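First to last, the sequence lines map onto chains Y and V.
Residues 59 to 407 in my numbering are what the first sequence lists, from first letter to last.
Residues 59 to 407 in my numbering are what the second sequence lists, from first letter to last.
2 protein chains.
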Amino acid sequence: MDLDERKLKILQAIIRNYLETGEPVGSRTISKYTDLNLSSATIRNEMADLEELGYIIQPHTSAGRIPSDKGYRLYVDQMMLEKEEQLSQATQEVKDMQKLLLEREDKMEAILKQVAKMLAVNTNYATMISAPQVKGNRLKFLQISKLDETQLLVTVVIEGNVIKNHMISVNELLDDEAIWKLNLLLNTNLNGLRIEEINLAMIAKLKQQAGVYENIITAILDTISEALQNDDDIEIYTSGTNNIFKYPELADQQRASELITTFEEKQLLNELVQETLTEENSTGIQVYIGNETPIQTMKDCSVVTATYELEEGVKGTIGIIGPRRMDYDKVISTLKTLKSQLDTLYKKD
Amino acid sequence: MDLDERKLKILQAIIRNYLETGEPVGSRTISKYTDLNLSSATIRNEMADLEELGYIIQPHTSAGRIPSDKGYRLYVDQMMLEKEEQLSQATQEVKDMQKLLLEREDKMEAILKQVAKMLAVNTNYATMISAPQVKGNRLKFLQISKLDETQLLVTVVIEGNVIKNHMISVNELLDDEAIWKLNLLLNTNLNGLRIEEINLAMIAKLKQQAGVYENIITAILDTISEALQNDDDIEIYTSGTNNIFKYPELADQQRASELITTFEEKQLLNELVQETLTEENSTGIQVYIGNETPIQTMKDCSVVTATYELEEGVKGTIGIIGPRRMDYDKVISTLKTLKSQLDTLYKKD
DNA sequence: TGTTAGCACTCATTCAACAAGAGTGCTAAC
DNA sequence: GTTAGCACTCTTGTTGAATGAGTGCTAACA
Chain Y
59 MDLDERKLKI
69 LQAIIRNYLE
79 TGEPVGSRTI
89 SKYTDLNLSS
99 ATIRNEMADL
109 EELGYIIQPH
119 TSAGRIPSDK
129 GYRLYVDQMM
139 LEKEEQLSQA
149 TQEVKDMQKL
159 LLEREDKMEA
169 ILKQVAKMLA
179 VNTNYATMIS
189 APQVKGNRLK
199 FLQISKLDET
209 QLLVTVVIEG
219 NVIKNHMISV
229 NELLDDEAIW
239 KLNLLLNTNL
249 NGLRIEEINL
259 AMIAKLKQQA
269 GVYENIITAI
279 LDTISEALQN
289 DDDIEIYTSG
299 TNNIFKYPEL
309 ADQQRASELI
319 TTFEEKQLLN
329 ELVQETLTEE
339 NSTGIQVYIG
349 NETPIQTMKD
359 CSVVTATYEL
369 EEGVKGTIGI
379 IGPRRMDYDK
389 VISTLKTLKS
399 QLDTLYKKD
Chain V
59 MDLDERKLKI
69 LQAIIRNYLE
79 TGEPVGSRTI
89 SKYTDLNLSS
99 ATIRNEMADL
109 EELGYIIQPH
119 TSAGRIPSDK
129 GYRLYVDQMM
139 LEKEEQLSQA
149 TQEVKDMQKL
159 LLEREDKMEA
169 ILKQVAKMLA
179 VNTNYATMIS
189 APQVKGNRLK
199 FLQISKLDET
209 QLLVTVVIEG
219 NVIKNHMISV
229 NELLDDEAIW
239 KLNLLLNTNL
249 NGLRIEEINL
259 AMIAKLKQQA
269 GVYENIITAI
279 LDTISEALQN
289 DDDIEIYTSG
299 TNNIFKYPEL
309 ADQQRASELI
319 TTFEEKQLLN
329 ELVQETLTEE
339 NSTGIQVYIG
349 NETPIQTMKD
359 CSVVTATYEL
369 EEGVKGTIGI
379 IGPRRMDYDK
389 VISTLKTLKS
399 QLDTLYKKD
């Protein structure tokens, strides 16, 4: 048995209706809702077929039907195809975002937080955004400065302009010349290298050349290695987690508590980010419906993600998390526009 | 009518019992619970008095009594007096924390997050911790470095060793000597100054001396001013917000949603931090019971805060947020120990 | 005068029974 | 192939009674 035109229309009608109300939808509703002019009995027959095919589910014998994950999937896939053309019309909301982004170009963290918040307010779903993650991880710049008699400041810049600072306490006195020499030594030897390329031999060589400052070199190298391998704790900002309470299917204590924890701990979200970044996709938009999501605690949710790219290899992920019956249309088009805006905005830098 | 010995004992018994169970406690329970050897009828008479005095409340006619804010307050105040001596015995839990703090002295942010998490796990309440806030706000160190042909890195260190970085795009080419001169110019003129002390006259003078690099000076000064006046967005880390679901009196959707939002937005928590930092107190521990808290959304909670001090004027706040019937004894002693540990740990730096 | 036993009373909670209503599946007729 | 009609199922909401915890009050007692 295959999906003919009519079954498709009925399925769409069921889903649309369910997205609005969140209640199981019955045959009589559909009979009036669509322009098919069919009686409820006919709809019932078709619905029985749709259920057999796995597109809809009956929560209990005498209830209407709700879409299954498979049903949502079909709906979303089809929507993605149809809506392709009218993407470019930016909504007022997104224009607001862009304005905000342009105004505060200075502070990445503040921008990302604002974007997350704005998305949450506009969509009424929970949102997350990950700070752009650098792939290359080459050392770009290194500088040691004397803060005062006992403390050195080490500034490390890695590819993608991620800046790390670290303070080192020293015992011996260092004069300006010693520091200048250290800077020269380290920069000439290490610049442009990846973490794997800084091996024991090189370290030994550096220490030897540093002479009496050997132990300082150790401390500095620790700083560098930490800066270069910080892929385990990327920043992720969330907003609107309280929105889950707006959807009864997510708001019971068990589920809510789990979701809140997931958002707070962030480390599970990180897995989601990694997943989206690897699984490349022509549109850059991914939709996970119910059990499709890589995060167990979100199995009753749908997750829509967009990856944005600031420059070659510097990518981040935006995610919107809501109930299965989220407004996919709005969410996807919002994310598409935002994504393209972020892409261009930063690329012109 | 005053509180005699017996009334006090009964009040304590009511509170202790309520802290455990969360259920209104009746006269018969108290009659058995205490070593007073009084019949339930007598207890009832005393409870009627206690209610008239405002220490306990009857949720409805045929229920037991629960403590009022006034009752809790009396209980806590008395506990604080009695427990003074046995503070120093650090629990295993707190020793774990200290170990963790010592191991990872390098990363403030990671430490604070860990402390918050550990506290949350150990107490089963929601926790927050604010990064230490610098009062002085003097410029300690300033450095401009050339990242590449088009970008300068400005590193600003302010009193209390807070480090800020900023990148500036430049059009004209700068050689090493020019940068060296800029560094010298800025450091000699600005070091040790507060933001109010960098006035228009000084800026004009700097610009004049900078000659062709006038516009770079402007950008750098912007960075400095931003770094110096960042008191509006201190970092606050939270953990264990999902713990509120463990207490039915906080777990209904309305309240939970509000609390979650408060924890997520953080800006209300900031007010709490400011409040605790100003309202000085000999012990450094503050207890807000129910409506006493400065944050409206927490009127059904109790909040216990401790201020810690890393060095002169560099202070932060730790807060534990739970239901009115929180285990004040445990929470206060844990915070006291943690506070003293933090105080000494960093002071020796 | 303080303490206690006893009793009537109140109120929240639980449970079963019941009615209402929504929706289905099936059959027979069109 | 479509539809009307009907019996049937299952959820939801309501009602009312039983239960039980706990109180306030009175009268007796030490």
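From the three backbone atoms N, C-alpha and C, an ideal C-beta is built for every residue, glycine too.
All figures in this text were calculated on a predicted structure; none of them were measured in a lab.
Residue closest to residue i, alpha-carbon to alpha-carbon, out of the options
| i | options | result |
| --- | --- | --- |
| ARG64 (chain Y) | Y:ARG74, Y:GLU78, Y:THR92 and Y:GLU207 | Y:THR92 |
| CYS359 (chain Y) | Y:TYR295, Y:ILE318, Y:LEU243 and Y:GLN325 | Y:ILE318 |
| LEU243 (chain Y) | Y:ILE101, Y:ASN349 and Y:LYS263 | Y:LYS263 |
| ASN15 (chain Y) | Y:LEU231, Y:ILE282 and Y:PRO306 | Residue numbering for chain Y in the displayed model covers 59 to 407; residue 15 (chain Y) lies beyond these limits and cannot be assessed. |
| TYR133 (chain V) | V:THR119, V:SER98, V:GLN70 and V:ALA184 | V:GLN70 |
| GLY122 (chain Y) | Y:PRO82, Y:GLN344, Y:GLY269 and Y:ASN247 | Y:PRO82 |
| ASP62 (chain Y) | Y:TYR130, Y:ALA99 and Y:GLU104 | Y:GLU104 |
| ARG196 (chain V) | V:ILE216, V:THR181 and V:ALA184 | V:ILE216 |
| ASN8 (chain V) | V:GLN354, V:THR363, V:GLU140 and V:LEU205 | Outside the displayed range of chain V (59 to 407) lies residue 8 (chain V), so it cannot be described from this structure. |
| ASN301 (chain V) | V:ILE114, V:THR100 and V:ALA184 | V:ALA184 |
| LEU205 (chain Y) | V:ALA168, V:MET186 and V:ASN249 | V:ASN249 |
| ILE347 (chain Y) | Y:VAL372, Y:LYS373 and Y:ILE379 | Y:ILE379 |
| ALA106 (chain Y) | Y:GLY80, Y:THR119 and Y:LEU94 | Y:THR119 |
| GLU370 (chain V) | V:LYS394, V:TYR386, V:THR402 and V:THR395 | V:THR402 |
| ILE23 (chain Y) | Y:SER188, Y:PRO190, Y:VAL212 and Y:ASN95 | The structure shown does not extend to residue 23 (chain Y), since chain Y is modelled only from 59 to 407, so the question has no answer here. |
| TYR130 (chain Y) | Y:LEU139, Y:TYR113, Y:GLU140 and Y:PRO117 | Y:TYR113 |
| ILE341 (chain Y) | Y:ILE237, Y:ARG86, Y:PRO125 and Y:MET138 | In the sequence under discussion, the amino acid at residue 341 (chain Y) is Thr, which differs from the Ile named in the question. Looking at the Cα atoms, Y:MET138 is the closest of the given residues. |
| ALA236 (chain V) | V:SER203, V:ASN182 and V:MET225 | V:SER203 |
| VAL361 (chain Y) | Y:LEU335, Y:GLN344, Y:LYS373 and Y:LEU368 | Y:GLN344 |
| PRO125 (chain V) | V:GLY80, V:ARG86 and V:GLU167 | V:GLY80 |
| GLU109 (chain Y) | Y:SER97, Y:ASN95 and Y:SER85 | Y:SER85 |
| LEU330 (chain Y) | Y:SER188, Y:SER227, Y:ASP127 and Y:LEU258 | Y:SER188 |
| ALA178 (chain Y) | Y:GLN399, Y:GLY377, Y:THR87 and Y:LYS397 | Y:GLY377 |
| ASN180 (chain Y) | Y:SER297, Y:LYS324 and Y:GLU367 | Y:SER297 |
| THR334 (chain Y) | Y:ALA277, Y:THR365, Y:LEU308 and Y:GLN311 | Y:THR365 |
Per DSSP, cross-strand counterpart(s) of residue i
| i | result |
| --- | --- |
| ALA460 (chain V) | Because chain V is modelled from 59 through 407, residue 460 (chain V) falls outside the range shown and cannot be assessed. |
| TYR366 (chain V) | V:GLY374 |
| ARG252 (chain Y) | Y:ARG196 |
| TYR271 (chain Y) | Paired residues: none, contrary to the question. |
| LYS388 (chain Y) | LYS388 (chain Y) pairs with nothing; no bridge assigned. |
| ALA184 (chain Y) | Y:ILE379 |
| GLN344 (chain Y) | Y:THR363 |
| SER97 (chain V) | Answer is none; SER97 (chain V) lacks a bridge partner. |
| ILE114 (chain V) | V:PRO125 |
Closer than 8 Å to chain Y by CB, residue i
| i | result |
| --- | --- |
| GLU322 (chain V) | yes |
| GLU163 (chain V) | Low confidence applies here, because GLU163 (chain V) scores a pLDDT of 43, under 50, leaving its location unreliable; read the following figure in that light. Closer than 8 Å: no. |
| MET225 (chain V) | yes |
| SER315 (chain V) | yes |
| ASN229 (chain V) | no |
| THR402 (chain V) | no |
Under 9 Å by beta carbon: chain V residues contacting residue i
| i | result |
| --- | --- |
| GLN201 (chain Y) | GLN201, SER203, LEU211 and THR213 |
Listed by chain order, chain Y residues near residue i by CB distance under 7 Å
| i | result |
| --- | --- |
| ALA309 (chain V) | GLN311 |
| ILE353 (chain V) | Going along chain Y, no residue has its Cβ under 7 Å from ILE353 (chain V), so there is no contact; the nearest lies around 16 Å. |
Neighbour flag for residue i against chain V, beta carbons, 8 Å
| i | result |
| --- | --- |
| ILE318 (chain Y) | yes |
| ILE221 (chain Y) | yes |
| ASN245 (chain Y) | no |
| ASN300 (chain Y) | yes |
| GLN332 (chain Y) | no |
| ILE187 (chain Y) | no |
Contacts that residue i makes with chain Y (C-beta to C-beta distance below 8 Å)
| i | result |
| --- | --- |
| SER409 (chain V) | For residue 409 (chain V) there is no data in the structure shown, the boundaries of chain V being 59 and 407. |
Beta-carbon neighbours of residue i, restricted to chain Y and to distances below 9 Å
| i | result |
| --- | --- |
| ASN412 (chain V) | With chain V represented from 59 up to 407, any question about residue 412 (chain V) goes unanswered, as that position is not in the structure. |
Where residue i meets chain V, residues with beta-carbon distance less than 8 Å
| i | result |
| --- | --- |
| ASN95 (chain Y) | Those do not exist, as ASN95 (chain Y) stays about 42 Å from chain V at its closest Cβ, beyond 8 Å. |
Decide yes or no for the touch test of the stretch 379-391 of chain Y against the stretch 124-139 of chain Y: beta carbon pairs closer than 8 Å, at least 3 of them. yes
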